[in-house]
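First to last, the sequence lines map onto chains A and B. Going by my numbering, the first sequence runs without a break in its numbering and finishes at 891. Going by my numbering, the second sequence runs without a break in its numbering and finishes at 891. From the three backbone atoms N, C-alpha and C, an ideal C-beta is built for every residue, glycine too. Okay, structure first, notes after.
Number of protein chains: 2
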Amino acid sequence: MIIDIHGHYTTEPPELRLFREKQLAGLADPARAPTTTDLGISDEQLVQSVQPQLRLQKDRGSDLTVFSPRASGMAHHVGTEAIGRQWASVCNDLIHRICTLLPDNFAAVGQLPQFPGAPIEGCIPELERIVRELGFVGVNLSPDPSGGHWNSPPLTDRYWYPIYEKMCELDVPAMIHVSSSCNPAFHFTGAHYINADTTAFMQLLQGDLFRDFPTLRFVIPHGGGAVPFHWGRYRGLAQELKKPLLGEHLMKNVFFDTCVYHLPGIELMAKVIPVDNILFASELLGAVKGIDPETGHHFDDTRRYVDQVKALSDSDRYKIFEGNARRVYPRLDALLTRRGKPGKGNAPR
Amino acid sequence: MIIDIHGHYTTEPPELRLFREKQLAGLADPARAPTTTDLGISDEQLVQSVQPQLRLQKDRGSDLTVFSPRASGMAHHVGTEAIGRQWASVCNDLIHRICTLLPDNFAAVGQLPQFPGAPIEGCIPELERIVRELGFVGVNLSPDPSGGHWNSPPLTDRYWYPIYEKMCELDVPAMIHVSSSCNPAFHFTGAHYINADTTAFMQLLQGDLFRDFPTLRFVIPHGGGAVPFHWGRYRGLAQELKKPLLGEHLMKNVFFDTCVYHLPGIELMAKVIPVDNILFASELLGAVKGIDPETGHHFDDTRRYVDQVKALSDSDRYKIFEGNARRVYPRLDALLTRRGKPGKGNAPR
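Okay, structure coming up:
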């Protein structure tokens, strides 16, 4: 099967936006705050809303999308911590309902109620709820809940340890994913996302986080930002900083997705990044929806690129499309196995 | 000849550091401020200090390095605007002396006295001085003089127009180069530099700056940050933002250097970026000084990578090693021509 580990719910019914507007209007006028978290969205509406995703799965031949709330919608920096908590829970509930209604097509990844400057412990109850009660298989974690001001401590700082402890206990990975940018210097999908990927990798390279958390797993999306293109630079920096080789230092715990929207990028990635660290993804419906005039195909039809990389063996392709996802998201593997869809067994690394 | 367009003076005599320390100590105790900008560095000391660069030029077969003050040393955010002005002028004077002492090996690019929040007009006198009086061929321009807080307006904002007008009048390009990071989220060479490259490109993509300045030229270093790796993403974003094709929209004015420290990165670049937009550089003595255990050669020996890209024709190689530099830095071309080293004539684009 083909598992796309990076899809966001970007086709939400208008009721969700209305709820968010009420939330924020409530800051100025409490009378406008939502009085209920029941959005009045029917199951039929939810199923209808993801028809574009289902059509793309069918057209492109992927089977299951690891599905999380709209990344730019998380906007941890907007409102208050309490509003963010309510917002995360409402968004996660919608994802849960979709994954329950269409279990063959979607598996759930959640949003955390991070808030700039607030202790990360505030996110633990929601993480426990979505994993233990709702069966989520992973979570999105923003290294910059300020939305482009980058005033959180690096990911290796003890500030983050409580959430890492909980992730390890629950055996769920985090995708390192920022949200919208309120800094005019950074376009969200064109700069902020990619910078965050690069920054996160370098923060991890500078530290020794996985000595403290040997089972912690991070997925860095968008192909790892600039990292594969500058793989020599990062290998060299690790050497200068007296760190072990990257394979030892980071690559047991850090994984990249394939959200890179042209063949040469995916070819580079397959050349320099160990195949055990590459997970198929297309970020649909995502950052770039158009058709590439050079190929006549959608930019974000990343399966075509992976299919075209000649250097990959069948076993490599199995890892990228399915095996690595089952290994990095063990709760996804368990869920699929329970449903009679076991993996082929992951070859030892 | 082989022109390396990105070298920084990272082997300065200790007198320069001492001067900087006096400058900053003078903030706390005016009695400690330097009383003269004569650093007491002899010509012999200067020539001695760049022996490592000369040796590498010889070993690696490059002829001339476009040389500017240490990038991380600019530190526009440290001190006051007046201190920064003095600092830029002292650093530029050293570069000028080296380029005068060793005119066959170095051509000068300058540092600007940018200061966070200060009008960019404050940089014009130093730009005029270094170009008109000292013969500099280009300048470094930081899109984030705050050192990692990113509170300057995007490069397309009218805030920057006065310096662009002067650059056009003087016919000098700017390398978009940030300095050190005072934000613990961003390692300077591993995150801040690369993020700045990516960010600058996206800012330019979002705007229409070159409609107002058709002759303005920017070099984005470190291979353009994440841009070539995500070339499909940027082509797609331009399309979504209803901009012209990148070739038309940006690539008459924006150039990337080859400071990418492994062969697959340079191969990708040569595949997706038009050859007219690639300028040879190695950032020596730079970010990554070590030897790559996978090749047995220095990470930053980028000439080896360019030499190994099979797809490049002789004419392509001439452009990357020399022709494009002469076109993007016309004052360098004029200077070399005056010294009896004319180019082969640049084929029309």
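query	result
Using the beta-carbon of each residue, which ones in chain B are nearer than 8 Å to tyrosine 776 of chain A?	Gly732
Assign aspartate 834 of chain B to one of two classes, buried (16 or more other C-beta atoms within 10 Å of its C-beta) or exposed (fewer than that).	buried
Quick one: which unbroken alpha helix (DSSP H) runs of 4-plus residues sit fully inside the region 737-781 of chain A? Chain order, please.	751-754
Taking the Cβ atom as the reference point for each residue, do phenylalanine 771 of chain A and glycine 807 of chain B lie within a distance shorter than 8 Å?	yes
Contact criterion: CB-CB distance below 8 Å. Does proline 715 of chain B meet it with respect to chain A?	no
Are the beta-carbon atoms of phenylalanine 678 of chain B and alanine 650 of chain B separated by less than 8 Å?	yes
Can you tell me whether histidine 691 of chain B is buried or exposed, with buried defined as 16 or more other CB within 10 angstroms of its CB?	buried
With a threshold of 8 Å between beta-carbons, can isoleucine 662 of chain B be considered close to chain A, or not?	no
Counting only runs of 3+ residues fully inside the region 624-696 of chain A, write out the beta strand (DSSP E) ranges in chain order.	648-652, 680-683
Can isoleucine 640 of chain A be considered in contact with the ligand NAP, in the sense that its beta carbon sits closer than 7 Å to one or more heavy atoms?	Of ligands this structure carries none, so the ligand NAP is not represented either.
Please classify glutamine 748 of chain A as buried or exposed, where buried requires at least 16 neighbouring CB atoms within 10 angstroms.	buried
Between glutamate 782 of chain A and chain B, is the shortest Cβ-Cβ distance under 8 Å, so that the two count as touching?	yes
Suppose you measure from the CA of leucine 746 of chain A to the CA of asparagine 819 of chain A; what does that come to, to the nearest Å?	15 Å
Straight-line CA distance for phenylalanine 797 of chain B to tyrosine 703 of chain B?	20 Å
Report the residues of the region 781-803 of chain B with a CB closer than 7 Å to any CB of chain A, ordered along the chain.	Gln781, Glu782, Val802, Tyr803
Determine, using beta carbons only, whether histidine 638 of chain A comes closer than 8 Å to chain B.	no
Decide if alanine 823 of chain A is buried, meaning its Cβ has at least 16 other Cβ atoms within 10 Å, or exposed.	buried
With a 10 Å radius around its C-beta and 16 neighbouring C-beta atoms as the bar for buried, classify serine 694 of chain B as buried or exposed.	buried
For the alpha helix (DSSP H) holding proline 872 of chain B, just list the boundary residues, first then last.	872-880
Need the endpoints of the beta strand (DSSP E) that valine 848 of chain A sits in, please.	First-last for valine 848 of chain A: 844-850, but that is the alpha helix (DSSP H), not the beta strand (DSSP E).
Could you tell me whether the Cβ atoms of proline 696 of chain B and glutamine 656 of chain B are closer together than 8 Å?	no
Which complete alpha helix (DSSP H) runs does the region 592-620 of chain B hold, if anything under 4 residues is left out?	593-602, 613-616
So that I know if they touch, is there some Cβ in chain A lying closer than 8 Å to that of valine 814 of chain B?	yes
Taking the beta carbon of leucine 569 of chain A as the centre, do at least 16 other beta carbons fall within 10 Å, making it buried, or is it exposed?	exposed
Do you know offhand how far glycine 615 of chain A's Cα is from leucine 683 of chain A's?	14 Å
Would you mind working out which of B:Gly549, B:His619, B:Gly778 sits nearest serine 610 of chain B, comparing C-alpha positions?	B:Gly549
Are isoleucine 736 of chain B and alanine 780 of chain A touching if we call contact CB-CB under 8 Å?	no
For a contact defined as C-beta to C-beta under 7 Å, what are the partners of threonine 740 of chain B on chain A?	Ala733, Ile736, Asn737, Ala768
Alpha carbons only, please: which of A:Val761, A:Ala660, A:Leu854 is nearest the one belonging to alanine 624 of chain A?	A:Ala660
What does alanine 613 of chain B reach in chain A if we use C-beta pairs closer than 9 Å?	Going along chain A, no residue has its Cβ under 9 Å from alanine 613 of chain B, so there is no contact; the nearest lies around 15 Å.
For aspartate 799 of chain A, which residues does DSSP report across the bridge?	A:Leu821
Taking 8 Å as the CB-CB cut-off, is histidine 618 of chain A touching chain B?	no
How many angstroms separate the CA atom of proline 816 of chain B from the CA atom of leucine 598 of chain B?	28 Å
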